[in-house]
Amino acid sequence: MTNPIPQFPAGFLWGVSTSAHQIEGAVAEREQSVWDAFTAEPGRVKDGSTAAVACDHYHRYREDVALLADLGVDAYRFSVSWPRVRSPEGLDFYDRLVDALCAAGVRPVSTLFHWDLPVELGWLRRDTAERFAEHVSVVAERLGDRVTKWITLNEPAEHTLLGHALGAHAPGRQLMFDALPVAHHQLLAHGLAVRALRAAGASDIGIANSHGPTWPASEEPADVEAAAFYDLLLNRLFAEPLILGAYPDGMGELMPGDVEADLKVIAEPIDFYGVNYYAPTRVGAPQGADIEFGGLTIPAELPFSVRQIEGVPVTDFGWPVVPSGLTELLTGFRERYGDRLPPVVVTENGCSYPGLDDQDRIAYLDGHVRALHDAVEAGVDVRGYFVWSLLDNFEWAEGYERRFGLVHVDFATQARTPKSSYRWYRELLRAQR
8 MTNPIPQFPA
18 GFLWGVSTSA
28 HQIEGAVAER
38 EQSVWDAFTA
48 EPGRVKDGST
58 AAVACDHYHR
68 YREDVALLAD
78 LGVDAYRFSV
88 SWPRVRSPEG
98 LDFYDRLVDA
108 LCAAGVRPVS
118 TLFHWDLPVE
128 LGWLRRDTAE
138 RFAEHVSVVA
148 ERLGDRVTKW
158 ITLNEPAEHT
168 LLGHALGAHA
178 PGRQLMFDAL
188 PVAHHQLLAH
198 GLAVRALRAA
208 GASDIGIANS
218 HGPTWPASEE
228 PADVEAAAFY
238 DLLLNRLFAE
248 PLILGAYPDG
258 MGELMPGDVE
268 ADLKVIAEPI
278 DFYGVNYYAP
288 TRVGAPQGAD
298 IEFGGLTIPA
308 ELPFSVRQIE
318 GVPVTDFGWP
328 VVPSGLTELL
338 TGFRERYGDR
348 LPPVVVTENG
358 CSYPGLDDQD
368 RIAYLDGHVR
378 ALHDAVEAGV
388 DVRGYFVWSL
398 LDNFEWAEGY
408 ERRFGLVHVD
418 FATQARTPKS
428 SYRWYRELLR
438 AQR
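Going by our numbering, the sequence shown opens with residue 8, and the numbers climb by one from there.
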């Protein structure tokens with residue numbers, strides 16, 4: 008590297024992330040998930056595809072572990088499919104995967120829910136949180152002798168907003184603000200999962216929440232107020248019950264059940280706070296019409312509107328590229344929550360670009376790793392960084408048109424080809440050792 012990235016602290020954890028539904032395939036060898044049902048409905052996925060085969064990781068995991076070993080990552084964040092665990096031989100697959108990772112010297116980091124809910128369950132129901140804790144206990148009993156770092160949930164904010172409020176993701180509900188119980192029940196599931204993991208002897212537990220700075224479209228009071236509300240919904244609503252043990256003002260009253268008692272569970276101490284970061288969001292007052300943004304329709308009736316951030320590059324998803332937003336986010340969390348903020352791990356960061364010689368992805372990752380180092384220098388206790396993603400995969404409602412991988416996947420032949428960004432990341436990891 009002509010301009011080397013500064014050294015991170017000793018013991019810093021470098022990794023990559025994936026999720027089960029997006030890469031595993033082998034749907035006939037597990038129970039059905041809400042995403043299987045969703046993608047079977049015409050028009051739900053832009054290219055009409057499903058994850059029935061995806062990257063066929065279920066059958067090709069050894070090839071993918073070899074890619075991880077060659078890449079030189081410390082850790083691999085994968086998710087355990089709840090519908091697969093409920094199938095007769097489902098846990099056998101994760102046994103084999105974890106054994107292969109350990110043999111390759113790659114630390115397994117397991118996410119216990121990444122949106123692929125068994126089809127007969129639903130987050131509007133409180134008992135789903137209890138069923139999740141049972142699932143966690145089963146997985147921990149089987150894998151806990153080798154998996155030593157756990158993530159309970161991935162992005163409950165997106166699963167609430169996209170899956171239950173706007174209907175753009177599975178299960179396709181359009182409940183708007185009536186989706187708030189989904190947020191509460193997921194947070195409760197997190198707390199119950201932490202207790203289940205502790206009971207199984209686990210000692211390195213966190214969550215992966217998506218966050219980004221919210222920028223008002225102007226200094227006009229209406230824009231500032233709209234941005235504050237958006238920030239509450241997407242950032243504070245999912246962070247503060249975990250970190251502070253309380254909902255932001257006015258939100259607890261909107262949640263179901265005995266909220267005060269539930270918050271004691273939700274706020275079970277965690278060992279790290281996972282942050283998925285992609286971009287800041289510019290927000291203003293409603294504009295009286297639906298807005299298309301980043302592949303999503305923002306309804307006019309919401310009390311805010313999402314605006315373009317001008318003067319910055321964008322990914323092929325249309326997402327703004329603002330590395331300094333990661334520094335702003337993490338230092339802002341440190342200022343807001345002080346010593347209550349656990350050590351931070353960036354559990355996802357990445358971008359969608361086409362091509363094998365993906366120089367735009369290299370520039371994106373280079374900028375964000377430097378921004379992360381700036382946060383460390385500013386005093387934020389950051390313990391790790393995971394690129395999204397190892398492989399091009401099934402990108403939810405976008406199908407196979409968006410490519411986030413360090414490794415190109417030819418979905419017709421399943422051939423894996425490392426991209427230029429894979430080699431760049433491998434060089435970075437070697438320089439950090």
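Where a beta carbon is used, it is the ideal one built from N, C-alpha and C, also for glycine.
Contact belief for residue i with residue j at Cβ below 8 Å, rounded distance in angstroms
| i | j | result |
| --- | --- | --- |
| G406 | K53 | 5 Å |
| G295 | R314 | Not confirmed; about 14 Å, so no contact. |
| A82 | L160 | In fact, because the Cβ distance is near 18 Å, the residues do not count as touching under 8 Å. |
| Y116 | G208 | Strictly speaking, residue 116 in this sequence is Val, with Tyr absent from that position. Wrong, their Cβ atoms sit about 17 Å apart, outside the cutoff. |
| A203 | P163 | Incorrect: roughly 17 Å between the Cβ atoms, too far for contact. |
| A404 | R51 | 7 Å |
| S312 | P293 | 5 Å |
| G412 | S396 | 5 Å |
| D106 | R149 | The pair is not a contact, with the Cβ atoms about 12 Å apart (cut-off 8 Å). |
| R377 | P350 | Contact doesn't hold; Cβ gap of about 20 Å is too wide. |
| Y360 | T322 | 6 Å |
| A215 | T354 | 4 Å |
| P310 | A233 | 6 Å |
Residue i to residue j span [Cα, whole Å]
| i | j | result |
| --- | --- | --- |
| A422 | L74 | 12 Å |
| F45 | V87 | 20 Å |
| E227 | A235 | 12 Å |
| A253 | Q366 | 43 Å |
| S428 | I12 | 15 Å |
| A58 | E31 | 8 Å |
| A307 | D297 | 5 Å |
| P248 | V394 | 27 Å |
| P287 | W326 | 9 Å |
| D256 | V201 | 25 Å |
| A47 | F401 | 14 Å |
| L303 | R289 | 15 Å |
| L337 | V328 | 17 Å |
| A17 | G129 | 42 Å |
| L241 | S217 | 8 Å |
| G318 | G374 | 16 Å |
| R430 | A111 | 19 Å |
| A419 | G259 | 49 Å |
| D399 | E165 | 20 Å |
| Y432 | G79 | 9 Å |
| A246 | E36 | 36 Å |
| Q29 | A61 | 6 Å |
| A274 | Y68 | 35 Å |
| A27 | R341 | 32 Å |
| D346 | R153 | 31 Å |
Three-state class that DSSP yields for residue i in the structure shown
| i | result |
| --- | --- |
| A215 | strand |
| N161 | strand |
| F393 | strand |
| S427 | helix |
| L124 | coil |
| V60 | coil |
| G357 | coil |
| E308 | coil |
| A200 | helix |
| N283 | strand |
| W326 | coil |
| V351 | strand |
| R413 | Here residue 413 is Leu; the residue named in the question, Arg, does not match the sequence. In the structure shown, L413 sits in coil (DSSP, three-state: anything other than H, G, I, E or B). |
| R4 | Residue 4 lies beyond the residue range present for the chain, which begins at 8 and ends at 440; the question has no answer from this structure. |
| V383 | helix |
| L398 | strand |
| E232 | helix |
| A17 | coil |
| Y344 | helix |
| A209 | coil |
| Y254 | coil |
| P90 | helix |
| V272 | helix |
| G10 | The residue you asked about is not Gly; residue 10 is Asn in the sequence shown. N10: coil per DSSP, three-state reduction. |
| V52 | coil |
| P248 | helix |
Bridge-paired residues (DSSP) for residue i
| i | result |
| --- | --- |
| K156 | V116 |
| F300 | L303 |
| T221 | T288 |
| D82 | For the sequence presented, residue 82 should be read as Ala rather than Asp. A82 pairs with G22 and R114. |
| S445 | The structure shown has nothing for residue 445, since the chain only spans 8 to 440. |
| P321 | Reading off the sequence shown, one finds Val at residue 321, where the question assumed Pro. Answer is P327, bridged to V321. |
8 Å Cβ cutoff, residue i in contact with chain C
| i | result |
| --- | --- |
| V189 | Of the protein chains in this structure there is only one, and it is not chain C. |
*Decide if the stretch 195 to 208 is in contact with the stretch 133 to 142; the criterion is three or more beta carbon pairs, one per stretch, under 8 Å apart.*
The stretch 195 to 208 is in contact with the stretch 133 to 142.
_Cβ contact check for the stretch 361 to 374 and the stretch 268 to 282: 3 or more pairs under 8 Å_ = Contact fails: fewer than three Cβ-Cβ distances are below 8 Å.
*Would you check if there are 3 or more beta carbon pairs closer than 8 Å linking the stretch 117 to 124 to the stretch 86 to 100?*
Output reads yes: the stretch 86 to 100 touches the stretch 117 to 124.
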